[in-house]
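Single-structure report; data block below.
Protein chains: 4
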Amino acid sequence: MQELLDRERTALAPLAKEGKTASYIPALQKANPRAFGACVIETDGTCAKSGDYRERFTIQSISKVLSFICCLLDTPAKQVFEKISVESSPAAFNAIADLETHETKKPLNPMINAGAIACMDFVAGDTAEEKFERVQALTRTLAKNPAIGHNEEVFRSERQSGDRNRSLAYYMKSTGIITGEVDTLLDAYFRVCALEMTCEDLAQIGAVLAGDGKSASGEEFVPAPIVKTARTVMALCGMYNESGRYAIQVGVPSKSGVGGGILAVVPNKMGIGIFAPALNEYGSSVCGIALMGALSRQLGLSVF
Amino acid sequence: MQELLDRERTALAPLAKEGKTASYIPALQKANPRAFGACVIETDGTCAKSGDYRERFTIQSISKVLSFICCLLDTPAKQVFEKISVESSPAAFNAIADLETHETKKPLNPMINAGAIACMDFVAGDTAEEKFERVQALTRTLAKNPAIGHNEEVFRSERQSGDRNRSLAYYMKSTGIITGEVDTLLDAYFRVCALEMTCEDLAQIGAVLAGDGKSASGEEFVPAPIVKTARTVMALCGMYNESGRYAIQVGVPSKSGVGGGILAVVPNKMGIGIFAPALNEYGSSVCGIALMGALSRQLGLSVF
Amino acid sequence: MQELLDRERTALAPLAKEGKTASYIPALQKANPRAFGACVIETDGTCAKSGDYRERFTIQSISKVLSFICCLLDTPAKQVFEKISVESSPAAFNAIADLETHETKKPLNPMINAGAIACMDFVAGDTAEEKFERVQALTRTLAKNPAIGHNEEVFRSERQSGDRNRSLAYYMKSTGIITGEVDTLLDAYFRVCALEMTCEDLAQIGAVLAGDGKSASGEEFVPAPIVKTARTVMALCGMYNESGRYAIQVGVPSKSGVGGGILAVVPNKMGIGIFAPALNEYGSSVCGIALMGALSRQLGLSVF
Amino acid sequence: MQELLDRERTALAPLAKEGKTASYIPALQKANPRAFGACVIETDGTCAKSGDYRERFTIQSISKVLSFICCLLDTPAKQVFEKISVESSPAAFNAIADLETHETKKPLNPMINAGAIACMDFVAGDTAEEKFERVQALTRTLAKNPAIGHNEEVFRSERQSGDRNRSLAYYMKSTGIITGEVDTLLDAYFRVCALEMTCEDLAQIGAVLAGDGKSASGEEFVPAPIVKTARTVMALCGMYNESGRYAIQVGVPSKSGVGGGILAVVPNKMGIGIFAPALNEYGSSVCGIALMGALSRQLGLSVF
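Chains as they are written, first to last, in our numbering: chain A, 424 to 727; chain B, 424 to 727; chain C, 424 to 727; chain D, 424 to 727.
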């Protein structure tokens with residue numbers, strides 16, 4: 424695995440020039456577009472890592488998986504799915520028209536901004552701080568890394584430029600999808616997006632999700648049904664508007680973030696964490712998707 | 424005219440039972456659904472009034488006409504129309520999908536909520552208070568009534584239940600349509616919606632607009648081109664989603680509000696103010712529309 | 424008037440270079456983009472004409488006014504408006520999404536393709552030929568020109584390239600908006616679009632519509648209420664997606680066609696016909712709109 | 424397996440009363456809503472069947488899987504995916520607005536009507552008959568049943584009531600998505616929808632797809648990459664607007680049809696065919712979905 428990972432990472436690194444770092448906030452734009460790290464951790468704990476795997480980055484939309492899991496841990500699924508749908512969206516990740524034109528007015532799924540903000544309403548905690556700490560605590564547990572925290576500069580930038588998300592939140596408030604305070608939910612949302620870690624941390628989280636919620640030593644952190652639900656939603660809607668294409672080419676439940684990270688979970692086999700901040704037009708890591716494709720083809724990882 | 428007005432008002436009053444008062448805030452819901460007042464003021468100053476013409480009510484969306492006029496007085500038209508379109512909208516008055524799916528991302532016209540909020544950005548004044556006072560001052564001048572003010576209870580209720588408008592405003596902020604502070608613009612917007620007056624005040628305002636911006640005594644309050652622009656937009660989009668039907672049946676530039684008011688302007692002839700808070704499904708006064716239809720047919724008022 | 428018309432036509436002719444002839448069928452594309460003719464006929468019969476007023480062209484969407492009038496002559500208005508709305512559309516003239524997303528599923532108005540095809544269902548006649556002849560007969564009567572006919576080459580081209588209209592028609596068939604045979608309605612629709620005449624013919628038609636349906640000699644061709652309805656719909660939706668802007672700048676009930684024609688009706692004053700096939704981005708004659716603006720400003724023609 | 428299948432089928436049969444047979448054509452409506460048959464065929468050929476497994480029914484939308492496979496067999500994938508997307512659609516299966524409002528104008532995926540009609544353009548054959556026979560031939564091969572044919576009465580009914588599909592096809596013709604004759608493609612499309620078989624035939628087809636395109640004896644009928652692509656698309660979009668929910672609850676690549684059939688494929692394990700024509704609000708078999716849920720839970724079939 425180590426050899427495969429090194430070889431493919433090296434071979435695919437030049438693709439970085441086809442992408443660009445996220446530009447909507449300065450902190451993301453200044454990332455090194457040539458950075459490329461990857462880590463694979465199997466469910467038995469075996470670990471391979473390559474390249475810039477020590478580099479820390481904000482997980483951005485990958486946090487949606489963690490918030491969704493907290494949401495399902497803290498609130499009965501029935502209640503959650505009354506407010507949040509799980510169907511895929513062909514529209515952009517921050518589309519508001521979808522909220523209005525679809526009959527249910529429900530956010531289409533927990534992997535788009537509207538859905539993730541609505542999830543935050545179901546995460547335990549009365550304040551933004553408490554909700555954030557709830558998600559951070561789970562993240563630290565799954566990653567086995569109590570040092571994980573958020574990047575305050577990125578958090579502040581996101582909050583400052585977050586008018587589109589504010590619009591989504593107030594819309595959902597007006598239709599009764601969310602009942603909490605908009606500022607509380609958004610604050611918590613922006614803060615979990617700014618959670619900072621390495622691709623090794625992501626791989627560690629992925630390994631627990633691959634193991635149906637259990638660590639290599641057998642300890643259960645998340646009940647299996649919740650893990651399976653999260654993996655399903657990742658498989659269907661985790662890669663923005665190219666989720667379908669990615670499912671055909673890679674076929675592994677994954678979630679990408681505009682910070683350049685990808686969290687991938689091969690059920691019963693392994694967790695994969697990748698960091699390569701040059702993004703394609705959909706907002707996912709160019710090198711990350713290419714590496715997932717190579718690993719999937721060579722190791723037969725597709726679940727389909 | 425007095426006789427005609429009395430006769431038609433009496434004949435049409437029973438229609439009130441086909442409508443309902445607005446229910447989204449308590450202050451509007453508790454209005455007397457049987458109230459029905461009307462006033463006609465010709466451009467020469469002749470006045471006829473009938474029924475509950477002394478009743479005060481909040482003008483709600485009728486304020487959009489006044490804000491739009493202020494906006495054109497305070498900012499060059501070219502600049503205004505770069506941000507606000509003047510095409511009609513078949514969608515609901517508070518639709519957000521329109522903002523997203525139309526190529527320009529501009530609010531469709533100044534008579535829908537999004538457009539009216541955007542107008543407020545172009546009204547003179549740095550604070551909500553200043554912008555409100557700007558519109559209030561024009562209103563007092565046009566109505567020749569320095570006692571006109573806003574209803575604080577209604578303003579507070581609207582602000583409290585205004586999440587949909589907040590969503591619209593943050594959306595426009597995110598796309599650069601508005602540049603001012605969302606809270607400032609909304610505060611001013613909610614406050615002008617709560618401007619309170621009688622239908623006689625409305626008729627007085629209408630008379631000035633009918634007279635191309637001049638009072639009966641010849642004093643110019645608003646330049647004629649701005650008045651014509653306002654009348655055109657009223658004719659095309661003033662009656663929510665039934666603007667087209669109303670144009671065929673009545674054919675008079677008008678604007679209705681969910682407080683039960685209608686402001687109608689017959690160019691070069693008269694201003695008409697009506698108050699009758701039982702609303703139809705589109706949010707306009709049932710008796711008001713019926714009375715406008717009767718007056719238009721009998722006096723040949725249609726501009727088309 | 425003759426002098427004014429000559430002067431303005433000459434002054435505005437250079438604007439033609441800012442537009443382009445329609446390109447979707449060869450017959451329209453080969454029109455001379457510099458051609459520019461105009462004719463004004465007052466309700467008393469006085470006539471002024473200038474430039475290429477003898478040039479024949481196909482009226483295209485201007486036929487929608489004539490079909491709509493036939494539709495109202497042949498079918499009770501109540502029945503028509505159960506199937507066709509009269510609200511404006513901010514979307515493109517051939518949008519199909521509007522049919523699907525608006526609650527009523529009704530075409531938004533008779534001036535867009537879907538509405539005009541639906542109108543044809545209400546025009547008297549069992550076959551395409553009969554329906555076409557019905558509209559052609561009215562056209563000849565209003566224009567006082569029994570020689571008016573259609574351009575067979577244009578008709579065939581339109582029919583051949585009419586898949587978008589076929590899609591609209593089958594959609595309306597599937598939702599019950601139209602009940603007749605799709606091919607019959609489309610054939611009649613494409614044929615009236617290919618009606619060929621001069622701008623003098625258009626002005627003559629306009630003069631009758633300006634005179635509430637009566638000719639200069641007082642003969643009634645169309646009842647006044649139907650004429651008023653047609654003028655209202657023209658004023659609100661006659662100029663494609665710039666109807667609102669045109670209403671502010673010109674303010675005269677008008678309908679344009681991609682053949683380069685404009686039919687304008689100033690109530691109780693005059694009919695205006697223009698031909699100048701260089702089109703702007705919305706599909707209306709560049710020189711035609713400019714000339715209407717000049718005439719409206721100088722003669723005070725705006726109805727608003 | 425046989426025991427499990429009998430037990431669950433019997434236990435779930437009463438759910439039929441919660442659904443209704445399809446009503447848009449008479450032939451489907453007259454199906455017995457209490458019919459319920461199921462068949463499981465493992466990749467090694469082991470077969471279990473229960474209930475009304477000898478009942479023949481038309482496969483309707485299940486044919487979309489077969490047409491898609493033919494399309495990929497007959498045309499390079501690159502060419503296919505230039506015209507047909509593979510993203511999920513939250514809109515109804517026959518939505519046309521999606522075609523218009525999404526930037527690409529591509530049908531969202533091959534499992535909705537628009538996509539399936541577009542697929543037919545890429546299936547070998549010049550005539551409707553040839554295209555139909557191409558899909559029928561593959562179907563007979565996969566099901567190992569040369570007696571499979573289509574139901575002429577259902578085909579004629581569908582074609583007669585197919586205006587919505589005609590609208591979709593002409594729309595795609597107008598945007599260049601399809602290049603063939605609309606009537607040819609629709610005829611072939613309606614005909615494959617009317618392919619008639621038993622749930623045992625479906626299970627047999629499913630077993631081949633489960634075996635990566637090979638029969639139990641090892642013969643390859645379809646290359647593995649095409650089979651995987653088909654399974655992926657089924658997993659993401661096979662169950663109309665409840666594909667996401669079904670993925671969470673069942674997690675098996677499946678396709679349902681309004682004839683009451685479900686084709687399910689558990690990779691490397693088994694094919695499942697179900698027939699139970701009482702449908703839920705989305706158009707899928709009520710008992711079929713319930714049975715799939717039970718089998719998935721008890722046998723651990725979810726791929727996620």
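The beta-carbon is built from N, C-alpha and C at its ideal position, and this holds for glycine as well.
Cutoff 6 Å; reference residue i; Cβ partners in own chain excluding five residues on either side
{"i": "A/A471", "result": "M424, Q425, L428, V463"}
{"i": "B/G661", "result": "M534, S677, K678"}
{"i": "C/G460", "result": "G474, D475, Y476, E478, C622, F698"}
{"i": "A/R557", "result": "C493, V546, A547, G548"}
is_contact[residue i, chain D] using C-beta, thresh 8 Å
{"i": "C/H597", "result": "The amino acid at residue 597 of chain C is misidentified as His; the sequence shows Ser. Interface residue, yes."}
Residues of its chain near residue i, where Cβ-Cβ distance is below 7 Å and the 5 sequence neighbours each way are ignored
{"i": "B/A541", "result": "K506, I507, P530, M595, I600, I601"}
{"i": "C/S719", "result": "V673, G674, V675, S725"}
{"i": "A/L714", "result": "E431, R432, L435, A461, I697"}
{"i": "A/L686", "result": "I485, V488, L625, I628, G629, S677, K678, G696"}
Exposed unless 16 or more other CB atoms sit within 10 angstroms - verdict on residue i
{"i": "A/T433", "result": "exposed"}
{"i": "C/G585", "result": "buried"}
{"i": "A/N691", "result": "exposed"}
{"i": "C/T655", "result": "buried"}
{"i": "B/S490", "result": "buried"}
{"i": "D/A445", "result": "buried"}
{"i": "B/A626", "result": "buried"}
{"i": "A/G723", "result": "exposed"}
8 Å Cβ cutoff, residue i in contact with chain B
{"i": "C/F727", "result": "yes"}
{"i": "C/P690", "result": "yes"}
Close Cβ partners of residue i (< 8 Å) along its chain, the five nearest in sequence each way excluded
{"i": "C/Y593", "result": "V605"}
{"i": "C/R457", "result": "A436, A439, A701"}
{"i": "A/G634", "result": "T466, N691"}
{"i": "D/K443", "result": "P456, A701, L702"}
{"i": "D/P569", "result": "R563"}
Residue-level contact to chain C via CB, residue i, 8 Å cutoff
{"i": "D/P513", "result": "With a pLDDT of only 49 at D/P513, under 50, the local geometry of the prediction cannot be trusted, and the value read off the model is given with reservation. False, the Cβ-Cβ gap to chain C never drops below 8 Å."}
{"i": "B/V509", "result": "yes"}
{"i": "B/P533", "result": "no"}
Interface flag, residue i vs chain A, CB-CB below 8 Å
{"i": "B/G696", "result": "no"}
{"i": "D/M456", "result": "Checking the sequence shown, residue 456 of chain D turns out to be Pro, not Met. False, the Cβ-Cβ gap to chain A never drops below 8 Å."}
Contact with chain E by residue i, beta-carbon distance below 8 Å
{"i": "A/S708", "result": "Here the protein chains are A, B, C and D, and chain E is not one of them."}
*Return the residues of the segment 642-672 of chain C that lie within a Cβ-Cβ distance of less than 8 Å from chain B, sorted by chain order.*
K651, T652, R654, T655, V656, A658, L659, C660, N664, E665, S666, G667, R668, A670, I671
*Near-chain D residues of the segment 571-595 of chain C - C-beta to any C-beta below 7 Å*: D586, R587, R589, S590, Y593, Y594
*Do the segment 614-626 of chain D and the segment 467-484 of chain D make contact, defined as three or more Cβ pairs closer than 8 Å?*
yes
*Listed in chain order, which residues of the segment 706-718 of chain A have Cβ atoms closer than 7 Å to some Cβ of chain D?*
none
*asked:* So, does the segment 606-613 of chain C touch the segment 540-560 of chain C, judging by three or more C-beta pairs under 8 Å?
replied: yes
*asked:* Taking contact to mean 3 or more Cβ pairs, one atom from each stretch, closer than 8 Å, check whether the segment 569-585 of chain B and the segment 578-585 of chain A are in contact.
replied: no
*Using Cβ-Cβ distances below 9 Å, what residues of the segment 610-632 of chain B are close to chain C?*
none
_Sufficient close CB pairs (3 or more, under 8 Å) joining the segment 648-657 of chain D to the segment 489-506 of chain D_ = yes
_Using a Cβ-Cβ cutoff of 7 Å, what residues of the segment 673-685 of chain C are near chain B? List them in chain order._
G674, P676
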